[in-house]
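These notes concern the structure reproduced below.
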Amino acid sequence: MLPDKKRLMHETDQMLRFEGGGACPVQYECSHRGHRYYIRYRFGWLIVTRDLGVESEKEMLTQQLSKNEDGCWSDEETNVYLWLISQALIEERLESLNIPPIAEIRRHPHFKKGRYPQYVHTVCREDHPHVELCNRVFSAKELEEWLTPDELVKHNQYQQNAPEKI
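Residue 2 is where the sequence shown starts when you use our numbering, and the numbers rise one by one after that.
So, in structure tokens, the structure goes:
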């Protein structure tokens, strides 16, 4: 189900806060209504587990998103999938969520750079050993706005070298 235009205007206000990222596997966590949710994408399969590692653990969603046994999402795919999961959690319909496969995700209105994934990037341009204060966390959307053209080319080349999605 595609969101209506009114909801699109307020997407950032309605998206839950996620922690994590990575590739092979992609792993995120978020808290909502007293539960902790673990999101994992590996070998083409998305699994969302509630309260991982505790007695009340429950696998809430399992879907194959790709026939290719990949474990990577592009910035745009990450934005769509986390937005869909966030909405399903907010609306208490995670178990009935039908997520589009990677081959179809480009048509989704949220297929754009957004709040996730997040990148740590050195913002200090000084020539010295960098410390934590020299770094800043950027959303995928912010990173494009901040990077120099050469840095942006390197970042995009890295993204394009991710395994092909089928």
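Cβ coordinates follow ideal geometry from the N, Cα and C atoms, glycine included. Keep in mind that this is a model prediction, so the values were computed, not measured.
Cβ neighbour criterion (16 or more within 10 Å) applied to W84: buried
Using the rule of at least 16 other Cβ atoms within 10 Å of the residue's Cβ for burial, across every protein chain shown, is N80 buried or exposed? buried
Spell out a yes or no on whether the stretch 37-44 and the stretch 71-80 are touching, meaning 3 or more CB-CB pairs, one atom from each, closer than 8 Å. The answer is yes - the stretch 71-80 touches the stretch 37-44, with three or more Cβ pairs under 8 Å.
Output needed for T50: all residues of its chain with C-beta closer than 6 Å, excluding positions within five of it in sequence on either side, in chain order. Y39, E60
Tell me, which residues are paired with G21 by DSSP? Answer is Y29.
Out of P130, Q119, K142, T123, state which residue places its alpha-carbon closest to the alpha-carbon of E22. Checking the sequence shown, residue 22 turns out to be Gly, not Glu. It is Q119 whose Cα lies nearest to the Cα of G22.
Starting from the Cα of E143, find the closest Cα among R34, K114, V132 and give me that residue. Considering only alpha carbons, the answer is K114.
Give me, in chain order, the residues of the same chain whose beta-carbon lies closer than 6 Å to that of Q65; leave out the 5 immediate sequence neighbours on both sides. G45, W46
Applying the criterion that 16 or more other CB atoms from any shown protein chain within 10 Å of the CB defines a buried residue, is H131 buried or exposed? exposed
Leaving out the 5 sequence neighbours to the left and right, which residues in its chain are closer than 7 Å to D76 when beta-carbon positions are compared? K114, P118, A141, Q160
Who are the near neighbours of T123 in its chain, counting only those whose CB is closer than 6 Å to its CB and skipping five residues on each side? H131, C135, N136
Nearest by alpha-carbon distance to V121: which of Q28, H111, L148, S57 is it? Between V121 and the set Q28, H111, L148, S57, the nearest pair of CA atoms involves L148.
Quick one: is A89 buried, meaning 16 or more other Cβ sit within 10 Å of its Cβ, or exposed? buried
Inter-residue Cα distance where the pair is H109 and F19: 20 Å
If you draw a straight line from the alpha carbon of Y82 to that of P150, how long is it in whole angstroms? A direct Cα-to-Cα measurement between Y82 and P150 gives close to 28 Å.
Does DSSP classify I106 as helix, strand or coil? helix
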